[in-house]
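Participant:
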Amino acid sequence: MRFLLSVIVVAMLVAPYAATAEEGIDVTDRVKAFKAVLKGKDAEAKIKAIDEIKTTKHKDIAAAIAGALRDRNKDVKMAAARALGVQGVVKYRTKLMAPLKKYEKADPELLLAYLEGLKGMPHKASITPLAKVVHKVLNRLKEDEYAIGEACVNALGSIKEKATIEELIVLLGRTNPRAGAGGSVSTEAQNFCGKFKDPIVAALGNITGFRFKDPDVWAGWWKRNGKKFKFGRKVEDVNASDTYTDVGYEFRIKKPNDRWTFSIPKENNYVITLSHENEESAGTLDAWMKVEAYSTSAYSGSTPPDRAAAMEQWVHSDRGFKDVRESNTTDLKFAGESAKKWYARGMNSASRPVTIWKIYFIHNGLLFTVHAQHNSGVDEALVKDLEKAIASFKFTG
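Quick note: the sequence shown uses the working numbering, first residue 28, plus one each step.
1. What do you reckon, are the CB atoms on LYS396 and PHE278 nearer than 8 Å?
2. Could you name each continuous alpha helix (DSSP H) segment of 4 residues or more that falls completely within the stretch 78–114, going from the start of the chain to the end?
3. Give the single residue among HIS390, SER322, GLU319, ALA314 whose Cα lies nearest to the Cα of ALA408.
4. Run the CB neighbour count on ALA309, radius 10 Å, all protein chains shown included, and call it buried at 16 or more, exposed below.
5. Going straight from the alpha carbon of GLY373 to that of ALA230, what length do you get?
6. Hey, how far is the Cα of PRO283 from the Cα of PHE237?
7. Output yes or no for whether 8 Å exceeds the beta carbon distance between LEU123 and LEU145.
8. Indicate whether PHE223 and VAL180 have their beta-carbon atoms separated by less than 8 Å.
9. On the DSSP letters alone, give me the boundaries of the beta strand (DSSP E) that ILE299 sits inside.
10. My output table needs one value for ALA125: the three-state DSSP class, helix, strand or coil.
11. For the beta strand (DSSP E) containing ARG279, name the first residue and the last one.
12. Report the rounded CA-to-CA distance for GLY67 versus ILE154, giving the unit in angstroms.
13. Below 8 Å, can you find three or more Cβ-Cβ pairs linking the stretch 398–418 to the stretch 267–278?
14. List the endpoints of the continuous alpha helix (DSSP H) containing LYS159.
15. Taking just the CA atoms, how far does GLU177 sit from ALA72?
16. For a quick check, are the C-beta atoms of ALA216 and PRO204 less than 8 Å apart?
17. Given a threshold of 16 other Cβ atoms within 10 Å of its Cβ, counted over all protein chains shown, does PHE256 qualify as buried or as exposed?
18. For ASN402, name the three-state secondary structure that DSSP assigns.
19. Would you decide whether LEU359 is buried or exposed? Buried here means 16 or more other CB atoms lie within 10 Å of its CB.
20. By how many angstroms is the C-alpha of PRO126 removed from the C-alpha of ASP56?
21. Nearest CA to the CA of ILE80: which residue from GLU319, LEU139, ALA110, GLU364?
22. For PHE219, which of ASP241, VAL161, GLU194 has the nearest alpha-carbon?
23. Counting only the same chain and skipping the five closest in sequence on each side, list residues whose C-beta sits under 6 Å from that of ASP171.
24. Count the other C-beta atoms from every protein chain shown that fall within 10 angstroms of the C-beta of ARG346, then say buried if there are 16 or more, exposed otherwise.
25. Could you confirm whether any beta carbon from chain B is found closer than 8 Å to the beta carbon of VAL116?
26. Put GLU143 into one of helix, strand or coil per three-state DSSP.
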């Protein structure tokens with residue numbers, strides 16, 4: 028009988044009604060029915076009622092959901108925490124923040140639900156406590172705490188405050204641990220901290236609209252733009268202009284003509300690709316140019332020349348060119364820097380004949396690679412276009 032009553036009350040909650048609470052309708056009856064379910068002992072009915080009512084934003088509904096955080100059933104508490112995030116009422120933020128003070132002793136599942144709820148109620152007072160937990164997780168290097176640290180980063184990614192950007196940039200700097208005086212960094216520390224790079228970059232991208240990858244680039248960009256930065260930047264079409272300018276890495280590339288298009292790959296290290304699509308075979312490219320930027324600390328050696336030499340060795344071990352028929356490396360000036368250019372004609376990993384250039388150099392402590400490639404037999408004008416695109420690469424800073 029008690030179960031039947033719960034079902035009837037839940038049905039009252041989800042029944043169609045003429046107007047929403049946001050439009051000013053009296054939700055007194057709905058709140059009463061909801062509270063009646065919460066007073067019962069049926070956990071599944073409570074969770075269902077919470078899920079059904081959470082999108083109806085109203086102060087009395089939010090208050091009732093917050094009351095469910097005191098429920099004895101963990102799943103009910105988790106549902107309530109997530110629902111409060113949907114309600115977005117900041118006054119309940121402190122209830123969800125409380126377990127962070129002793130996160131090591133908190134129930135991980137429950138804490139993750141609380142952090143998910145916090146994403147829906149961004150507030151500047153949450154920035155420091157969330158960042159402190161991530162720092163602790165990075166210090167402790169415990170795999171079972173990674174999800175907590177990642178959830179804190181995700182919650183930070185919803186808080187559009189300058190202080191959030193600053194905290195996230197500091198945290199991003201820790202994703203590539205550096206040895207102290209005379210010390211070394213364990214592989215465990217490198218691997219664990221490195222897992223945080225993508226979530227932190229995603230959080231910064233959500234706040235700023237930019238998608239730089241390297242910690243040093245973020246730090247440099249913020250140093251130049253922090254004071255004048257304003258939120259609400261619109262994401263512009265990368266092909267709106269015939270020139271692509273990267274404000275983080277401070278370079279620009281120009282299209283040879285309107286047949287070429289820019290694209291920003293999702294992979295970690297790629298910065299921009301300029302490509303010419305094959306007219307007869309959709310999805311395949313006749314020619315393309317790709318710019319990548321790496322932290323030089325990813326390569327062996329303590330000085331830029333050492334790192335450039337390590338990069339040269341990496342270039343020559345390119346698996347796609349095991350059977351190179353012609354190759355050479357030359358020194359040159361490129362974009363104002365001393366660079367090495369590797370040129371080859373051969374078979375790529377798909378056994379297709381291609382011609383390739385790789386120009387690599389160090390600028391502002393970062394290792395850049397300009398990789399250009401075209402298929403064998405393309406029109407000579409297309410090769411000239413590619414050479415023109417390479418020559419258009421200029422630093423703006």
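Glycine is no exception: its CB is placed at the ideal position from the N, C-alpha and C atoms.
Facilitator: Considering the structure as presented:
1. On the sequence shown, residue 396 is found 369 positions in, with the first residue counted as 1. On the sequence shown, residue 278 is found 251 positions in, with the first residue counted as 1. The amino acid occupying residue 396 in the given sequence is Thr; Lys does not appear at that position. Cβ distance not < 8 Å, so THR396 and PHE278 don't count as in contact.
2. 86–94, 101–114
3. The residue labelled residue 408 in the question sits at position 381 within the sequence shown. When each option's Cα is compared against that of ALA408, the closest is ALA314.
4. Here residue 309 refers to the residue found at position 282 of the sequence shown. ALA309 is exposed by the Cβ-count criterion.
5. Within the sequence shown, the letter at position 346 stands for residue 373. Within the sequence shown, the letter at position 203 stands for residue 230. In a straight line, the C-alpha of GLY373 is about 41 Å away from that of ALA230.
6. Within the sequence shown, residue 283 is the residue found at index 256, counting from 1. Within the sequence shown, residue 237 is the residue found at index 210, counting from 1. PRO283 and PHE237: Cα-Cα distance of roughly 25 Å.
7. Translated into positions along the sequence shown, residue 123 becomes position 96. Translated into positions along the sequence shown, residue 145 becomes position 118. Yes.
8. Residue mapping note: residue 223 aligns to position 196 of the sequence shown, counting from 1. Residue mapping note: residue 180 aligns to position 153 of the sequence shown, counting from 1. Yes, Cβ-Cβ distance for PHE223 and VAL180 is below 8 Å.
9. By one-based count along the sequence shown, residue 299 stands at place 272. It spans 297–304 - the beta strand (DSSP E) in which ILE299 sits, taken as one unbroken run.
10. Within the sequence shown, the letter at position 98 stands for residue 125. Correct three-state label for ALA125: helix.
11. In the sequence shown, residue 279 corresponds to position 252, counting from 1. Element bounds for ARG279: 278–281.
12. Position 40 of the sequence shown, counting from 1, holds the residue named residue 67. Position 127 of the sequence shown, counting from 1, holds the residue named residue 154. Each residue's Cα considered, the two are about 37 Å apart.
13. no
14. Locating residue 159 in the sequence shown gives position 132, counting from the first residue. Run containing LYS159: 154–167, per the alpha helix (DSSP H) assignment.
15. On the sequence shown, residue 72 is found 45 positions in, with the first residue counted as 1. On the sequence shown, residue 177 is found 150 positions in, with the first residue counted as 1. Those two C-alpha atoms are separated by around 31 Å.
16. On the sequence shown, residue 216 is found 189 positions in, with the first residue counted as 1. On the sequence shown, residue 204 is found 177 positions in, with the first residue counted as 1. The answer is yes: Cβ separation under 8 Å.
17. Residue 256 sits at position 229 when you count from the first residue of the sequence shown. The residue in question, PHE256, is exposed, as its Cβ has fewer than 16 Cβ neighbours within 10 Å.
18. In the sequence shown, residue 402 corresponds to position 375, counting from 1. DSSP places ASN402 in strand when its eight states are reduced to three.
19. Working through the sequence shown from its first residue, we reach residue 359 at position 332. Classification of LEU359: exposed, given that the 10 Å Cβ count is below 16.
20. Counting from 1 along the sequence shown, the entry for residue 56 is found at position 29. Counting from 1 along the sequence shown, the entry for residue 126 is found at position 99. Each residue's alpha carbon lies about 33 Å from the other.
21. Translated into positions along the sequence shown, residue 80 becomes position 53. With distances taken between Cα atoms, ILE80 lies closest to ALA110.
22. For the purposes of this step, residue 219 is taken as the residue at position 192 of the sequence shown. It is VAL161.
23. The sequence position of residue 171 within the sequence shown is 144, counting from 1. Within the same chain, ASP171 has no close Cβ partners at all.
24. Position 319 of the sequence shown holds residue 346. Confidence is the limiting factor: at ARG346 the pLDDT is only 42, short of 50, which leaves the residue's position unreliable, though a coordinate-based value still follows. With fewer than 16 Cβ atoms within 10 Å of its Cβ, ARG346 is classed as exposed.
25. Absence of chain B from the displayed structure is noted, only one protein chain being present.
26. Reading the sequence shown from its first residue, position 116 is the one you call residue 143. Residue state, collapsed to three classes: helix.
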